[in-house]
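K.L.:
In the order they appear, the protein sequences are chains A and B.
Letter 204 of the first sequence, counting from 1, is numbered 194 in this note's numbering, and no numbers are missing.
Letter 52 of the second sequence, counting from 1, is numbered 42 in this note's numbering, and no numbers are missing.
Protein chains: 2
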Amino acid sequence: MLTRTSTQSLTEQLAARFAERIRNRLLPPGTRLPSVRECARQQGVSPHTVVAAYDQLLAQGLVEARRQRGFYVRDSAAAVQEGRAQGAVKSVAMPLPVDASSLIRGMFHRQSDKPQPGMGVFPPDWMESTFLPTSLRRLTGTRALQELSLQYGEPAGDAALRRSLSQKLVSINVPAGPEQIITTIGATHALDIVSRTLLRAGDPVMVEEPGWAIEFARLESLGMRVLPVPRRADGPDLDVMAQYCEAHAPKLFVSVSVFHNPTGYCLTPGSAHRVLQLANQHDFHIVEDDTYSHLAPEHATRLCALDGLQRTIYVSGFAKILAPNWRIGFLAAPPAVFGRLLETKLLATLTTPALFERALAWCIDQGQLRRHADRIRIRLDGARARTVKLALSHGCTFVSEPAGLFGWVDTGVDTDALTQRMLDEGYLLAPGSLFHARRRPSTLMRINFATAQDAEFWKVFGRVRG
Amino acid sequence: MLTRTSTQSLTEQLAARFAERIRNRLLPPGTRLPSVRECARQQGVSPHTVVAAYDQLLAQGLVEARRQRGFYVRDSAAAVQEGRAQGAVKSVAMPLPVDASSLIRGMFHRQSDKPQPGMGVFPPDWMESTFLPTSLRRLTGTRALQELSLQYGEPAGDAALRRSLSQKLVSINVPAGPEQIITTIGATHALDIVSRTLLRAGDPVMVEEPGWAIEFARLESLGMRVLPVPRRADGPDLDVMAQYCEAHAPKLFVSVSVFHNPTGYCLTPGSAHRVLQLANQHDFHIVEDDTYSHLAPEHATRLCALDGLQRTIYVSGFAKILAPNWRIGFLAAPPAVFGRLLETKLLATLTTPALFERALAWCIDQGQLRRHADRIRIRLDGARARTVKLALSHGCTFVSEPAGLFGWVDTGVDTDALTQRMLDEGYLLAPGSLFHARRRPSTLMRINFATAQDAEFWKVFGRVRG
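(1) For A/F328, does the three-state DSSP call read helix, strand or coil?
(2) Anything in chain C within Cβ reach of B/E118, meaning under 8 Å, just list it in chain order.
(3) Can you pull the chain A neighbours of B/S156, defined as C-beta to C-beta under 7 Å?
(4) Consider the Cβ of B/Q3: report whether some Cβ of chain A lies at a distance smaller than 8 Å.
(5) On a CA-only basis, which of A/R411, A/C353, A/Y62 and A/R436 is nearest A/E391? Give me that one, please.
(6) Round the Cβ separation of B/E118 and A/L140 to the nearest angstrom and send it over; I've been treating them as touching at under 8 Å.
(7) Look at the alpha carbon of B/P87 and the alpha carbon of A/K158, and state the distance between them as a whole number of angstroms.
(8) So, using beta-carbon positions, are A/P24 and B/F346 closer together than 8 Å?
(9) In the DSSP output, which residue or residues are listed as bridge partners for B/T462?
(10) Locate the beta strand (DSSP E) running through B/R361, then write down its first and last residues.
(11) Can you check whether the C-beta of A/D103 is within less than 8 Å of a C-beta belonging to chain B?
(12) Counting only beta-carbon atoms, is A/S476 nearer than 8 Å to chain B?
(13) So, is A/H275 buried or exposed, given that buried needs 16 or more other C-beta atoms within 10 angstroms?
(14) Quick check: is the beta carbon of B/G394 nearer than 8 Å to any beta carbon in chain A?
(15) What is the DSSP secondary structure of B/P343, counted as helix, strand or coil?
(16) Assign A/L217 to one of three DSSP states: helix, strand, or coil.
(17) Which residues in chain B sit within 9 Å of A/T173, going by Cβ to Cβ distance?
(18) By the 7 Å beta-carbon criterion, what residues does the segment 195 to 221 of chain A contribute toward chain B?
(19) Out of B/G394, B/R133 and B/A49, state which residue places its alpha-carbon closest to the alpha-carbon of B/V248.
(20) Given B/C235, which residues of its chain have a CB within under 6 Å of its CB, disregarding the five upstream and five downstream residues?
(21) Does DSSP put A/D65 in a helix, a strand or coil?
(22) Buried or exposed for B/R152, going by 16 or more other Cβ atoms inside 10 Å?
(23) Could you check which residue in B/L52, B/N251 and B/L340 has the C-alpha nearest to that of A/W316?
(24) I want to see whether chain A comes within less than 8 Å of B/A313, judged by CB atoms only; does it?
(25) Taking 8 Å as the threshold (beta carbon to beta carbon), is A/L340 in contact with chain B?
(26) Which of the residues in the segment 347 to 376 of chain B, read from start to end, lie with their CB under 9 Å from any CB of chain A?
(27) Within a Cβ cutoff of 7 Å, which residues of the same chain sit near B/A78, ignoring the five residues on either side of it in sequence?
(28) On the three-state DSSP scale, how would you describe B/F388?
(29) Using a Cβ-Cβ cut-off of 8 Å, state whether B/T281 counts as contacting chain A.
(30) Which of the three DSSP states, helix, strand or coil, is assigned to A/E199?
(31) Counting only C-beta atoms, is B/F451 closer than 8 Å to chain A at any point?
(32) I'd like the list of long-range same chain contacts for B/C386, defined as Cβ closer than 8 Å, with 5 residues on each side in sequence excluded.
(33) Please list, in chain order, all residues of the same chain as B/D148 whose beta carbon is under 6 Å from its beta carbon, the five residues on each side excluded.
(34) A/W116 to A/W448, Cα distance in whole Å?
(35) State yes or no: is the C-beta of A/H263 within less than 8 Å of the C-beta of B/A338?
(36) I need the boundaries of the beta strand (DSSP E) containing A/I276, first residue and last residue.
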């Protein structure tokens, strides 16, 4: 928010705010800035301040004025060419879906104090606990700390944590010994390691759609051919998968079985069985992303459990329940691919921080994490009930039965445009296009049940949607 | 080491030790195990124990007996096929130089208490300090800890650390503002991000040779075409580079200017100027790996300083001076490529742990790190003098003037075979083949001046080399 007590003038603050959004591509090239009058109203400043701020953006080459039509964000290609003329080299980076990754960046880094319905995690205060600080302080005595800091540590990850994780996995019928587990920088890194190990550029890979934007973007940045598989209430569309297998012989299927993101669907045992039959028949691997395992019902169906970790690789992490910035994830893999997965970890990051891993092991072993998850599940149930009521009363409908952390709702309007307008009001949404491999515009959006239970948000939503 | 007080029998311990080495491919397929008599001598156990251990390995399918010739490690391809027959899928991982990455794994994870001349870092006791624990304990108060744990944190990395790093860079004439810096999981991750962003599979990339094994292995695993550039005392071979530029139009050059690994060479200003001219003429980027910056002389020449970070990207980290397992590295990049590098970080790991980053910022800001580096440099000077004397007296010659952390020595015998034999004695070497893009066997090896100043090692070395 703009503030009169800042050392910067209101004009400078406003210009800086737009400049950052343009650089982050939250305002992509070609976007029209709000009219001077509209912007002045939104920001609570005078039209004169807005005109001066737009002038600064013009001088910085970030926007262009089109006669009678207002100010538009300049094409970044033009900006790059300009940079090149000044001596910088041409960017040869791979084409990523830039708007998606900018929105995603926003999802992880709060830009405002308002609750953000597009966020992918619980609000920090939900995750507060007394055991987290305790778990870490136990290890900050000089000797333990130096032991855990001054050597690279085990390539596969802290042995104590791998033992704890193994027990956790066995308890959900995924038979993984500690020697089959590799710790990673969050589940994201685990999925990255799996793709890089099992696929080469140009390889076809099946991914559920709707699905998580980072998975699509990463696979594309690695040059893979993404084959989107429609996700149904009971599991992936098996007919589509069978056709892909015949036509493309994909090597990998990326799947979220439990509380699928964004739909909240859970895989049924029958569907799981048929997916595994297909994998056996067509000889592909499956990576099962179990990021939401901490919120899962007790008898949830997982491919890795049915398969006994033969051609499946299990991935999960602790960002959704304990501490997003500790960046702890892991994978559990069949012995036949373990060595190569470990090599990829080494080539990408060498080892991972053992201090956090050891602290997490304690949280698991003491039962603290389980009790913490129990509390959060109960709190989430209450939040979900309130959010569902608010969403329905504002004309949204649920595409899938509300469950887990996310709701998948139909707003009735284009959510790309809506997201842009809500950003101006200080709210981050997660538009449906983010969850489609080709970023197809849609009227859907994902809401976080924990952060969308705020009446003020829905009031603004109702006004902006019109 | 085997121990009689363990819960495992000596046979089990010995079998487990070989099995681990085979699985890690420290003993690659086709390797002959030591004779029963030789192994009994080395391990201080009875021949009966060795026979029983070899029998266990045979039963596990890890080795095969060849009549009259002893036991040989089985071909892992056969093992994989067997796994496949048992229902596991064929491994489709990219072909990595497996022996290299196994040796590298050994370099980061100590398997023995003996000093390891092949290691890539200082021994832990060299890095001990009182300020490291202090820096972390300052942040383990409940409020600070939760602030640094319960949100993903800034995508580019902790702002306090990026400010400190910016000041450090400006002090060595690399003009990087905090907004040009991205923190990473060690320098390895920074180099990984740069390759993934600027190159696509199949792209040609120039890398100095001899050079760091992980760089070769990573680029190959990503499908890049590695063009090795001979590294001379003053810098890379410019004639070879010019030929590559004409023939292949490479997009990137990977270089270590200061205390090049493994030679210890430092780039001269004249060579730096000509490298940059070539880069301008042929429009390629340069990533300068300044991992050994903490040991560098004050007026060391860096490409990023001459170039002003226009077509150069700076990479460094803190594993070689402060805390390897904190896994803090960073890159500083021109604005034209910054956004895409940040996207790659997000796609690979999202954010990085802010707690360690904030603690490191304090160590830098308080001048603690600088004083610590001063002490280590003095200690290293002493160790280098002793190691050089020992190496020379054991018939080794230095290929390059001893400087920095590593010595590049000629042993007069094939160092691949020597490495295998020294492993049996409990010592890890870094054979010359590791530092060549095609793993060409050589009589050279890299020694760590800090860990090779041990007379006992050189005695064993002299005996084994013969």
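A virtual CB, placed ideally from N, CA and C, is assigned to each residue, including glycine.
P.N.:
In terms of the structure at hand:
(1) helix
(2) Within the model displayed, chain C is absent; protein chains A and B are what it includes.
(3) Ordered by position in chain A, no residue passes the 7 Å Cβ test against B/S156, which lies about 18 Å from the chain.
(4) no
(5) A/R436
(6) 7 Å
(7) Low per-residue confidence applies at B/P87: pLDDT is 38, beneath 50, and the placement is therefore not dependable, though the value from the model is reported in the following sentence. Distance between the alpha carbons of B/P87 and A/K158: 34 Å.
(8) no
(9) In this structure chain B extends from -9 to 456, so residue 462 of chain B is not present and cannot be described.
(10) Element bounds for B/R361: not the beta strand (DSSP E) but the alpha helix (DSSP H), Q358 to S383.
(11) No, no contact with chain B.
(12) Examination of residue 476 of chain A is not possible in this model, given that chain A is present from -9 through 456 alone.
(13) A/H275 is classed as buried because its beta carbon has at least 16 other beta carbons within 10 Å across all chains shown.
(14) No, its Cβ sits nowhere closer than 8 Å to a Cβ of chain A.
(15) coil
(16) strand
(17) None at all; the shortest Cβ gap to chain B is about 12 Å.
(18) Cβ contacts with chain B come from I204, A207, R208, S211 and G213.
(19) B/G394
(20) Excluding residues within five positions, the ones whose Cβ falls inside 6 Å are H272.
(21) coil
(22) buried
(23) Among B/L52, B/N251 and B/L340, the Cα nearest to that of A/W316 belongs to B/L340.
(24) yes
(25) yes
(26) Of all residues in the segment 347 to 376 of chain B, none has a Cβ within less than 9 Å of some Cβ in chain A.
(27) Here the model assigns B/A78 a pLDDT of 34, short of 50, so the residue's position is not dependable, and the following value carries that caveat. No residues qualify anywhere along the chain.
(28) strand
(29) no
(30) strand
(31) False, the Cβ-Cβ gap to chain A never drops below 8 Å.
(32) V399, D400, T401 and G402
(33) A344, E347 and R348
(34) 21 Å
(35) no
(36) H275 to D279
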